[in-house]
Amino acid sequence: MKNPTKCLHSGYTPQNGAPGTVPIVQSTTYRFDSMSEISALFDMPTAHLYSRFSNPTTDAVEQKIADLEGGVAAMCTSSGQSATLLSILNLCSAGESVVCSHAIYGGTYNLFAVTLKRFGIEVIFVDPDADEATLEAAIKPNTRCMFGESLSNPTLNVLDIEKFATVAHRNNIPLIVDNTFPTPILCRPIDFGADVVIHSTSKYMDGHAVQVGGVIVDAGKFNWENGKFPEFCTPDESYHGVVYTRDFGAAAFIVKARMQLMRDLGCYPAAHSSFLLNMGLETLDVRMRRYCENAEKVAEFLSASDKVESVIYPLLDGNSQSEKAKKYLKEGASAVLSVNLKGGRERVTEFCDALKLVCREVHVADIRSCILHPASTTHRQLTESQLVEAKIGEGLVRLSVGLEDVDDIISDLEQALKIL
Ligand SMILES: *Cc1c(COP(=O)(O)O)cnc(C)c1O
């Protein structure tokens, strides 16, 4: 099946007379005829037991996303942040490390550089455009995985997934890719060698800004029996001696994440959130194509304006990312643009305030166009020199192009640009 069909039909096949749409199973618990059935489920979880770690509504969404990404299984989480956290904790304990691209979302950076450090997990940041030898030199004997964003938020760096996968696999460790911005419609990291794919489903997947969520997808290809990951192929005493690779084969990673981490940490989404996410997923293919179309036109308009210093959008010719974008984002580069405007902080703030259609919001990848001025909001704690280092100029705005008619978006930008 192709993507538009998977978006509508994967994950839920109604039986004769059953509801046509995925039902919201708003139940904490599941009832059985005998204690022995429940006992058997504790040994081999083949049915839902308790909604802290699985639920039929969420299960349908998990299957749909796994199918779209080309993975073997998936697990939803209550936020993108918890998907990132669990993907790392499933591999790393205190005293171990991760090698990570420095072009990542600010929330992920904070989780890695501050909170994981307090847990005793070291995250070693690397320049994603460094050559293989430099990346390899960052890997230590205790490094358990590599991590990067396929299209980074907000710097829009395109990850050379094949390069990262080659270096990771040469060192017998898996590659985790955060694929939030492209979604599986524009890029499937597993096709380029990623072993685990994560998302904030709060962005394009939902699209309508109605739920916060995340997901982890298991490619099912990594060889956990290479000697580096004994916890995947020896009995788990906290789970009646289950051996993940022996008992769950290709889905070892995701089953371990569910049985150990989701059981203990409990950051599973509510059924109602999964129902809302599923509605977003149903139109994901159609929406991603229109987002890209609109964004390309807006990028062209802005780069031709004399009020604009520069536009960062991976598919624009002459952009430092365009070669990689042609390989990894053939279908489009999603719809977030970084725009450096002429005029200082004050004038640029006035420009944002003068917009009538494009809304001022702390969000991206929404169905409605929205804008944020990082220097006075998300990055306001930074000093002037830190802003320079983070490449967040005073004139930089992050514009997330929505699904309004593109002429309306452009005329709104045009009238506000007169302020500059
Ligand atoms: C937003 C975002 C996250 C965090 O997701 P939440 O759902 O807000 O917790 C992680 N990665 C990327 C790339 C994001 O854009």
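The end of the sequence shown is residue 1696 by the numbering used here, with every number in the run present. Quick reminder that beta carbons are idealized off the backbone N, C-alpha and C, glycines included. On a predicted model such as this, the values are computed, not experimentally measured, just so you know.
Stretch-stretch touch, CB-based, cutoff 8 Å, three pairs: the segment 1302–1320 with the segment 1553–1571: no
Distance cut-off 8 Å: residue 1597 Cβ against heavy atoms of ligand 1: no
With 16 other Cβ atoms within 10 Å as the buried cut-off, status of residue 1590: buried
Alpha-carbon spacing of residue 1324 relative to residue 1621, whole angstroms: 53 Å
Outcome for residue 1477 when other beta-carbon atoms lying within 10 angstroms are tallied against a minimum of 16: buried
Start and end residues, alpha helix (DSSP H) containing residue 1311: 1311–1319
Neighbour-count burial assignment, residue 1639, 16 or more Cβ in a 10 Å radius: exposed
Check: residue 1381 C-beta below 8 Å from any heavy atom of ligand 1: yes
Assumed close pair residue 1491, residue 1359 - CB separation to whole angstroms, cut-off 8 Å: 6 Å
Validate contact between the segment 1574–1582 and the segment 1415–1429 using beta carbons, cut 8 Å, 3 pairs: no
As assigned by DSSP and simplified to three states, the class of residue 1247: Because the chain is modelled from 1277 through 1696, residue 1247 falls outside the range shown and cannot be assessed.
Residue range of the beta strand (DSSP E) that includes residue 1279: Careful: residue 1279 lies outside any beta strand (DSSP E), inside the alpha helix (DSSP H) at 1279–1285.
In DSSP terms, what residue 1475 is bridged to: 1491
Where residue 1295 falls, given that 16 or more other Cβ within 10 Å makes a residue buried: exposed
Beta carbon of residue 1545 nearer than 9 Å to that of residue 1354: yes
Any 3 or more C-beta pairs closer than 8 Å across the segment 1436–1448 and the segment 1463–1482: yes
Contact under 9 Å by Cβ, residue 1473 with residue 1422: no
Straight-line gap, residue 1690 to residue 1571 (C-alpha atoms, nearest Å): 15 Å
Residue 1368 - containing alpha helix (DSSP H), residue span: Element bounds for residue 1368: n/a, residue is neither H nor E.
Range of the contiguous beta strand (DSSP E) that encloses residue 1588: 1584–1588
For residue 1569, the first and last residue of its enclosing beta strand (DSSP E): No beta strand (DSSP E) holds residue 1569; the alpha helix (DSSP H) holding it covers 1560–1579.
In chain order, each alpha helix (DSSP H) run of at least 4 residues that lies wholly inside the segment 1532–1556: none
Cβ contact (3+ pairs, closer than 8 Å) linking the segment 1546–1555 and the segment 1288–1303: yes
Residues bridged to residue 1341 [DSSP beta-bridge criterion]: Looking at the DSSP assignment, residue 1341 forms no beta bridge with any residue, so it has no partner.
Segment contact, 8 Å Cβ cut-off, at least three pairs: the segment 1518–1535 with the segment 1386–1399: no
Proximity test, residue 1678 beta-carbon vs ligand 1 heavy atom, cut-off 8 Å: no
Cβ shell of residue 1528 (< 6 Å), same chain only, five flanking positions each side left out: 1500, 1508, 1520, 1521
Cβ-Cβ distance between residue 1225 and residue 1619 below 9 Å: Within the shown structure, residues of the chain are numbered from 1277 to 1696, placing residue 1225 beyond reach of any answer.
Strand pairing of residue 1419, partner residues [DSSP]: 1373
Whether residue 1287 touches residue 1337 by CB criterion (9 Å): yes
Enclosing alpha helix (DSSP H) for residue 1684 [first to last residue]: 1682–1693
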